[in-house]
Amino acid sequence: MTTNNTYPTRQALQQFDTPYYYYDTELLRQTLAAIKAETASHNNYFVHYAVKANANPKLLKIIKEAGFGIDCVSGGEIQAALDAGFPAESIMFAGVGKADWEIELGLDAGICCFNIESVPEMEIINEIAVRKGKTANVCLRINPNVEAHTHANIMTGLSENKFGIAMTDMIDVIKRIEQLEQIHFLGLHFHIGSQILKMDDFLRLCDRINELQDYLEENGYKAEIIDVGGGLGVDYDAPEENPIPAFNAYFDVYRKNLKLREGQQLHFELGRAVVAQCGSLITKVLFVKENGNKKFVIVDAGMTELIRPALYGAHHKIVNLTSTETAETYDVVGPICESSDVFDKDIPLAKTKRGDLIAIKTAGAYGETMASCYNCRKLPNGYTTEDIMSV
Ligand code: LLP
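In our numbering, the protein residues as written are 1100 to 1490.
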């Protein structure tokens, strides 16, 4: 099996201007195959790739060809999905604040479902649907008040978070739907957070969904679909040992604990787990500087290309691809005028010099999509194995 510590040669990597993202498409294909192996025998399971994790068209094409659906949170993402050839019926559209043009785009394209988060949003979707003579399928995003053990900024399923409809309001909202002529109640949607490694968190979500389904039925309603969102985490510390996330354990939690009703579909929205390990940020060393007893490796990528360390204190394993000398201890920092523009501190790295190529690993998810032009920098390019080999 390929692991993501196999990189093209130095000469191959040096063909492109740094910083850039390198995507190991062999690993991506293996990851997609691992998900398929877990879900193939369940014809009522549907996996929608959460495009917010990475919208690179070359990756989207591979994910589409593997037969996945897609989960979008903006009109731009819906357009990217359509451009990549995803069928409109495979598009889920979530988001706490959808603009009118985004709703129109979804209705015109004929997407599978709007995951809605409030009554005012639903009323506007109905108004636009009536105007267009279309019907909108909706899932109610319910806030299940389940705590996910992850970074506070990426936890979404607690009642204090801005997401979703309170469980206690669920029946009233469905009753309101019955009065809206162009809205069809399709089911329930959940998402408790991201980078979740404790399977117990998903187990508690299953328990909560079971309770809510009973409550729904007591009130005379039935969900055609249950969408459990995404959230499966990846190993940032040891990507070489675990290039493919724990899909078996993840899907097993749902297989064993979620009580689906006859004919009910189960939808998943995985983002990070699909693409994180196949991507690395490739950057070049500009300078190595010593300040007192500290040594800084100053690279040409910064928080503008990969904001996760600065924003969440996230850890990404860093390796020097071009030095085999004995390791020394460095802080690896970017060129941006912000003290938080640090990739990692006091880490061992093969003795590093100007011109070396550095890989910042496990950067395929929420890397390229979160890049910015701060300091008037250019957005990074993304190259796949095929791009690098074809030059
Ligand atoms: N579905 C919904 C409704 C979501 O909000 C998200 C992610 C997903 C699915 C996909 O979750 P995943 O499988 O990727 O965990 N920028 C942060 C992560 C933000 C996640 C936002 N929502 C980071 O870099 O860690």
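For glycine and all other residues, C-beta sits at the position ideal for the given N, C-alpha and C.
Query	Result
With a threshold of 7 Å on Cβ separation, who are the neighbours of E1203 within its own chain once the five nearest residues in sequence on each side are excluded?	I1227
Which residue wins for smallest C-alpha separation from R1360, given the options K1163, Y1473, L1311?	L1311
For I1343, which of E1389, L1126, T1451 has the nearest alpha-carbon?	L1126
Under 7 Å from any heavy atom of the ligand LLP, does the C-beta of E1368 make it?	yes
Could you name the residues of the same chain whose beta carbon sits closer than 6 Å to that of V1229, not counting the 5 residues immediately before and after it, in chain order?	Q1281
Under the rule that 16 or more other beta-carbon atoms within 10 Å means buried, what is M1100, buried or exposed?	In this prediction, M1100 scores a pLDDT of 40, lower than 50, which makes its location untrustworthy; the coordinate-derived value is nonetheless stated afterwards. By the neighbour-count rule (16 or more Cβ atoms within 10 Å), M1100 is not buried but exposed.
Pull the bridge partners of G1378 from the DSSP assignment, please.	Y1122
On a CA-only basis, which of G1391, K1450, L1315 is nearest L1420? Give me that one, please.	K1450
Sorry if obvious, but does the Cβ on Y1144 come closer than 7 Å to a heavy atom of the ligand LLP?	no
DSSP three-state label for I1487, please.	helix
Over what stretch of residues does the alpha helix (DSSP H) that includes Y1411 continue unbroken?	1407-1411
Using a Cβ-Cβ cut-off of 6 Å (strictly less than) and excluding sequence neighbours within five positions of N1356, which residues of its own chain qualify?	L1302, C1305
Whole-angstrom Cβ separation of Y1122 and N1155, contact assumed at under 8 Å?	7 Å
Excluding the 5 residues preceding and the 5 following T1138 in the sequence, name in chain order all residues of the same chain whose CB lies nearer than 7 Å to its CB.	Y1144, V1146, F1350
Using a threshold of 8 Å, state whether the C-beta atoms of E1368 and A1149 are closer than that.	yes
Please name the residue or residues paired with E1389 in a DSSP beta bridge.	K1394
Suppose you measure from the CA of C1171 to the CA of G1466; what does that come to, to the nearest Å?	17 Å
Rounded to the nearest angstrom, what separates Q1363 and R1354 at their Cα positions?	13 Å
May I ask you to verify whether the region 1373-1383 touches the region 1457-1465, counting CB pairs closer than 8 Å and requiring at least 3?	yes
When the Cβ atoms of the region 1332-1342 are set against those of the region 1425-1433, are three or more pairs found closer than 8 Å?	no
Is the beta carbon of Y1411 sitting closer than 8 Å to the one on H1283?	no
Taking the continuous beta strand (DSSP E) assigned at A1458, which residues delimit it?	1456-1459
Under 7 Å: does the beta carbon of M1402 sit that close to some heavy atom of the ligand LLP?	no
Would you mind stating whether V1272 and V1195 have Cβ atoms separated by less than 8 Å?	no
To the nearest angstrom, report how far apart I1487 and T1108 are at their CA atoms.	10 Å
How big is the Cα-Cα spacing for E1216 and T1117?	41 Å
If I measure Cβ to Cβ from N1480 and keep anything under 6 Å in the same chain, skipping five residues before and after, which residues do I get?	Y1119
Give the secondary structure of Q1294 by DSSP, where H, G and I count as helix, E and B as strand, and everything else as coil.	coil
Could you compute how far the alpha carbon of A1165 sits from the alpha carbon of A1132?	8 Å
With C-beta atoms as the reference, is I1381 less than 8 Å away from K1388?	no
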